[in-house]
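Engineer:
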Amino acid sequence: LLKSQNVVPTPVWDNHNSPNGWASRHGHIDGKPDYAPIREFFGRINKYHGYKYGYGAYAYIFAAPQPMDAVYFVMTDLISDFGTSAFTHETTHVNDRMAYYGGHWHREGTDLEAFAQGMLQTPSVSNPNGE
Numbered sequence: 001l002l003k004s005q006n007v008v009p010t011p012v013w014d015n016h017n018s019p020n021g022w023a024s025r026h027g028h029i030d031g032k033p034d035y036a037p038i039r040e041f042f043g044r045i046n047k048y049h050g051y052k053y054g055y056g057a058y059a060y061i062f063a064a065p066q067p068m069d070a071v072y073f074v075m076t077d078l079i080s081d082f083g084t085s086a087f088t089h090e091t092t093h094v095n096d097r098m099a100y101y102g103g104h105w106h107r108e109g110t111d112l113e114a115f116a117q118g119m120l121q122t123p124s125v126s127n128p129n130g131e
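In structure tokens:
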């Protein structure tokens, strides 16, 4: 867990990418054994993500009044070169509007990715993340 400016822990959820293909919310995979991590954990606590192409990892910042945020790894493995890069990228998003810019979302004239990709993201040797 990380601790954000909101002074609440930031959960970082690793992926539930099955080695036998993408499983349903209940862990079912056509013609294969059920995938227990989804059947017994992710599906039951409503942290399952349906398959979407390019859905690697993302930061979710809850709207006020809930001072919460989270980082989800959907198809990207957290423990990998690319996962380390994605981790630093997404956790920068969690804090950029509060810690780095004093309450502003980003610098005027830049988009939300500029700071996360340009300054604090750990480079990935095996796979570049974005432009």
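Each residue of the sequence shown is one higher than the one before, counting from 1 in full-length UniProt numbering. Beta carbons are placed, not taken as given, at the ideal position from N, Cα and C, and that holds for glycine.
Taking buried to mean at least 16 other C-beta atoms within 10 Å of its own C-beta, is E131 buried or exposed?
Structural biologist: For the purposes of this step, residue 131 is taken as residue 131 along the sequence shown, with counting starting at 1. Caution is warranted here: a pLDDT of 42 is assigned to E131, below 50, making its placement in the model unreliable, and no coordinate value can be reported.
Engineer: Report the rounded CA-to-CA distance for P33 versus N20, giving the unit in angstroms.
Structural biologist: Walking along the sequence shown from the start, residue 33 turns up at place 33. Walking along the sequence shown from the start, residue 20 turns up at place 20. Taking the straight line joining both Cα atoms gives about 9 angstroms.
Engineer: For a test of the three-state rule: what should DSSP assign to S126, helix, strand or coil?
Structural biologist: Counting from 1 along the sequence shown, the entry for residue 126 is found at position 126. Below a pLDDT of 50, predicted positions are generally treated as unreliable, and S126, at 49, falls in that range; the measurement from the model is reported next regardless. Residue state, collapsed to three classes: coil.
Engineer: Go ahead and label D30 buried or exposed: buried means 16 or more other beta carbons lie within 10 angstroms of its beta carbon, across all protein chains shown.
Structural biologist: Start at 1 with the first residue of the sequence shown, and residue 30 comes out as number 30. Exposed, by the Cβ-count rule.
Engineer: Using three-state DSSP, classify A114 as helix, strand or coil.
Structural biologist: In the sequence shown, residue 114 corresponds to position 114, counting from 1. Helix.
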